[in-house]
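Participant:
Numbering (the numbering used here), first residue to last: 1 to 135.
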């Protein structure tokens with residue numbers, strides 16, 4: 001298994017960071033995606049399937065873990081050349097105020113280009129989430 005980890009600290013409180021993370025429809029506003037949401041307009045909860053679009057990619061992910069205000073887990077169903085990808089985003093109060101965002105992922109196999117894209121995407125998503133919540 002390959003592991004990817006990134007962290008970022010936001011000056012925003014955990015509730016503000018969670019509000020953005022919990023609403024997939026906002027991901028295209030703070031993330032690198034051009035379109036995002038939950039299939040069928042449903043809510044985030046284990047089993048919900050969300051989509052993320054950034055041409056030429058259209059990814060589908062299933063929510064696997066959900067602890068409101070603290071943690072969200074997911075797995076990639078399709079849309080990238082990766083096998084066994086699972087990610088977790090954890091929020092913790094940061095020392096001195098704000099929120100520590102930890103974005104960690106594991107996967108079994110990916111071609112070198114996809115592996116690089118995943119590494120950069122995890123780092124970028126954590127930083128963008130931190131910045132958007134603070135704005």
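Glycine is no exception: its CB is placed at the ideal position from the N, C-alpha and C atoms.
For the beta strand (DSSP E) containing residue 62, name the first residue and the last one.
Facilitator: 57-67
Participant: When DSSP labels each residue in this structure, what does residue 40 get in the three-state scheme?
Facilitator: helix
Participant: If residue 55 sits next to residue 26, beta carbons under 8 angstroms apart, how far is it from one beta carbon to the other, in whole angstroms?
Facilitator: The pair is not a contact, with the Cβ atoms about 20 angstroms apart (cut-off 8 angstroms).
Participant: In terms of alpha-carbon separation, which member of 61, 87 and 134 lies closest to residue 79?
Facilitator: 61
Participant: What residues in its chain sit with their C-beta under 8 angstroms from that of residue 71, if we drop five residues either side in the sequence?
Facilitator: For residue 71, the CB contacts under 8 angstroms within the same chain, skipping 5 residues up- and downstream, are 65, 88, 89, 90 and 91 in chain order.
Participant: In its own chain, which residues sit with a C-beta less than 6 angstroms from the C-beta of residue 63, not counting the 5 before and 5 after it?
Facilitator: Excluding five sequence positions before and after residue 63, the CB atoms of its chain that fall closer than 6 angstroms to its own CB belong to 44, 46, 48 and 74, given in chain order.
Participant: Kindly indicate which three-state DSSP category residue 93 falls into: helix, strand or coil?
Facilitator: The DSSP-derived three-state label of residue 93 is strand.
Participant: With a Cβ-Cβ cutoff of 9 angstroms, do residue 20 and residue 119 count as a contact?
Facilitator: no
Participant: Looking at residue 121 and residue 83, is the spacing between their C-beta atoms short of 9 angstroms?
Facilitator: no
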